[in-house]
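One structure is given below, encoded as structure tokens.
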């Protein structure tokens, strides 16, 4: 072979090699990024080429699919009682993408997940249309209905989370106001686009698409005193619910000339931990926080889940208890003010850990994933997150919270024949605390056999609440009661 031909052959060989390298790069290295690229319309067409699998609650689907009337997507998503379930399902829209379970479990629901390969291959051989699998949730229909209807009756904004303390199963996850995912599930033309635009925060100040149960943090107010009480017991500052505390009245916060005042004329001077929780004494729990110091309070808050995101699998925003605070800032944070902020999920976790004898279980809302023929693909198992307090101290705190419901500010949560423990809270906010406070209530129920089927957190915002803990008992406690009753009734 002469020299020019040899050069041409080498050059052609390099071109072929470059083509092979490029082809393999596209097919293997870049396959996932190309498949998920928002401009790859074939992915969206495939997603809606067949009916999506369902999201299931108590054995019944809360989603569905119908034939599309326009465009190249064959099916679009439908929702049953969409506004009630939107904080759980999220949405799946031909035009606007997907969120929450619809997004996180899209592979199962659309039938494209690799774990469905055998099922899809069998369907292809038999000529059966490909179908998506199901996402079976831990949610309780009755509890969710009670939570959503309770929030709706208040007329303001708010959220409810209910957990099963022994497992971490999420039984209710409600946010209000809400939205109907069916209203924009189709393409971007006409009604769907208009409905989407109306729901955006810029057009609706109530922000109905915000998941307040997982994605909004609030000052927890006096409900955080449960964490402070746990810190006092765990660190040996006090070892009993009924020993008088070292709590002068008035109490001036360290390094300041400012008294930490209580709401009304309540017996807080040297009050026991039980009485301090019953009457919600700011001075007692503020001093407890200052006496323990920032490091010990932060360590206890972290054991309850503060400062860490929680995947349910929908990710919840981290709740906050700050580091490097001085004594007076720690005192204010220890009564749920200053920088302290918590999601409703986080405060349900606090109540759940106390109810479960000090053991905090990881919250989760997906019980199992199924193929289209209902075979189980994966089954969730309860996981322990931490042990915020010993069994002995948890039982002391349970008894203290029981006193709050039986004799204190949480009497609206009483249930005949059931032991209920709780804590009310009113969290001030706004410039110079000028805005209406947030009304909180956290609680748990204990059956006669000692088991605890449910722990609940409720927050109501922007309502005409009075500036005391009774507002939490008046506005939020009745909702918590109805949710607990719904769960207890469903166990019978």
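Numbering (the numbering used here), first residue to last: 120 to 611. Glycine included, every Cβ here is placed at the ideal spot set by N, Cα and C. In this text, all values refer to a predicted model and were calculated from it rather than measured experimentally.
Which residue wins for smallest C-alpha separation from residue 559, given the options 543, 265, 566, 509? 543
Where residue 439 falls: helix, strand or coil (DSSP): strand
DSSP-derived helix/strand/coil call for residue 587: Low confidence applies to residue 587: its pLDDT is 47, below 50, so where it sits in the model is not reliable, and the reading given next is rough at best. Residue 587: coil per DSSP, three-state reduction.
What are the partner residues of residue 558, as DSSP defines its beta bridges? 545, 579
By Cβ distance below 7 Å, which residues in the same chain neighbour residue 318 in space, the five residues on each side in sequence not counted? 298, 327, 328
In the DSSP assignment, the beta strand (DSSP E) including residue 504 goes from what residue to what residue? 503-505
Length-filtered (3 minimum) beta strand (DSSP E) runs lying within the stretch 419-496: 485-489
Can you grab the Cα-Cα spacing for the pair residue 382 / residue 471, in whole Å? 27 Å
Could you pull out every residue in the same chain whose Cβ sits closer than 6 Å to the Cβ of residue 266, ignoring the five residues on either side in sequence? 279, 291, 293, 602
How about residue 69 and residue 505: are their beta carbons less than 9 Å apart? Since the first residue of the chain shown is 120 and the last is 611, residue 69 is not available in this structure.
Could you check what DSSP says for residue 537 in three-state terms: helix, strand or coil? Strand at residue 537.
Does DSSP put residue 342 in a helix, in a strand, or in coil? helix
Let me check you understand the geometry: is the CB of residue 393 closer than 8 Å to at least one non-hydrogen atom of the ligand SAH? This structure lacks the ligand SAH; in fact it carries no ligand of any kind.
Could you check what DSSP says for residue 277 in three-state terms: helix, strand or coil? strand
Separation of residue 172 from residue 183, as counted between CA atoms: 8 Å
Just list the residues that DSSP pairs residue 347 with in beta bridges. In the DSSP output, where bridge partners are listed per residue, residue 347 has none listed.
Three-state secondary structure (DSSP) at residue 174? Residue 174 falls in the strand class under three-state DSSP.
Collapsed DSSP secondary structure at residue 563 in the structure displayed: strand
Look at residue 249 and residue 230 and say whether their C-beta atoms are less than 9 Å apart. Yes, these two residues count as a Cβ contact at 9 Å.
Rounded separation between residue 699 and residue 330 - CA only: Because the chain spans 120 through 611 in this model, residue 699 falls outside it and cannot be assessed.
Sorted by chain position, which residues of the same chain lie with C-beta nearer than 6 Å to residue 457's C-beta, five sequence neighbours on each side aside? 448, 451
On the DSSP bridge list, what partners appear for residue 292? 280
Please classify residue 571: is it buried, with 16 or more other beta-carbons within 10 angstroms of its beta-carbon, or exposed? buried
Is the beta carbon of residue 468 sitting closer than 9 Å to the one on residue 288? no
Within 10 Å of its beta-carbon, does residue 520 have 16 or more other beta-carbons around it, so buried, or fewer, so exposed? buried
The alpha helix (DSSP H) spanning residue 365 covers which residue range? That residue, residue 365, is in no alpha helix (DSSP H); it is neither H nor E in DSSP.
Could you tell me the distance, in whole angstroms, from the CA atom of residue 474 to the CA atom of residue 215? The straight-line gap from Cα to Cα measures roughly 41 Å.
Close-in-space but distant-in-sequence residues of the same chain around residue 532 (CB under 8 Å, 5 per side omitted): 524, 539, 541, 560, 562, 592, 596, 597, 599, 600, 603
Suppose the cutoff is 6 Å on Cβ atoms and the five residues either side in sequence are ignored; what does the same chain contact list for residue 565 look like? 538, 571
Best match in 221, 488, 574, 406 for proximity to residue 374 [C-alpha to C-alpha]: The option with the nearest alpha carbon to residue 374 is 406.
Reduced DSSP category for residue 597 - H, G, I as helix; E, B as strand; rest coil: helix
Going by DSSP in three states, residue 308 sits in which element: helix, strand or coil? coil
For residue 574 and residue 606, the rounded distance between their alpha carbons: 10 Å
Would the beta-carbon of residue 176 fall within 9 Å of that of residue 286? no
Helix, strand or coil for residue 269 per DSSP? helix
Please state if the CB of residue 392 and the CB of residue 403 are separated by a distance shorter than 9 Å. yes
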